[in-house]
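In my numbering, the protein residues as written are 45 to 184. Even for Gly, the Cβ is constructed at its ideal location relative to N, Cα and C.
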Ligand code: HEC
């Protein structure tokens, strides 16, 4: 049988439909946000702004680049708020120490906790090669 344009068109249409179906049937990958107090979280955001953490740190890779991305810092330390409070209180290398009130500390932690629950800063990991180029390094 001779392959005609219409056959190619029909084949591509069917493939397109199957592919679309496949995409729409996949469940959305959204992290479960647990018991977060929205009010505290918003107030925590104001603490974050007040002390200008964004000048050196990124959330979702946006912000200053002197310090590391803090999107997932809460789970990095397994939800141990004292470790994070310790960094803020004591400072570390180029990071100055901050004298937050106990309430400000609590709100800031709520904010970082919610941010962590909302997703990952970057799903990809990169390996720096000896020639300075980067290569994607599997999944996180
Ligand atoms: C002047 C720049 C600067 C500011 C402002 C700053 N930091 Fe940092 N921070 C740093 C640097 C640099 C590091 C990493 C130090 C190192 O390990 O070399 C760091 C590290 C941290 C860490 C540890 C991260 C980890 O992955 O171990 C936390 C948590 C942190 N900062 C929180 C904060 C918070 C909260 C604020 C705002 C109250 C803040 N920082 C403001 C520069 C800053």
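In the three-state reduction of the DSSP assignment, residue 113 falls in the strand class. Nearest to residue 150 by C-alpha distance, out of 106, 179, 83, is 83.
Annotation: the continuous alpha helix (DSSP H) that includes residue 66 extends over 49-69. In terms of CA proximity to residue 81, 157 leads the group 178, 103, 157, 114. In the three-state DSSP reduction, residue 166 falls in the coil class, being neither helix nor strand. Taking the Cα positions, residue 133 is about 47 angstroms away from residue 67.
Within the DSSP secondary-structure output, residue 91 pairs in no beta bridge. Excluding sequence positions up to five before and after residue 160, its CB lies within less than 8 angstroms of the CB of 115, 116, 117, 118, 119, all in the same chain and listed in chain order. Judged by DSSP in its simplified three-state form, residue 82 adopts helix.
If you check the C-beta of residue 95 against the ligand HEC, you find a heavy atom less than 6 angstroms away. Distance from the CA atom of residue 152 to the CA atom of residue 171, rounded to whole angstroms, is 32 angstroms. At least one heavy atom of the ligand HEC lies closer than 6 angstroms to the C-beta of residue 111. By the neighbour-count criterion, in which 16 or more other beta carbons inside 10 Å mark a residue as buried, residue 148 falls on the buried side. In terms of Cα proximity to residue 91, the closest of 125, 174, 144 is 144.
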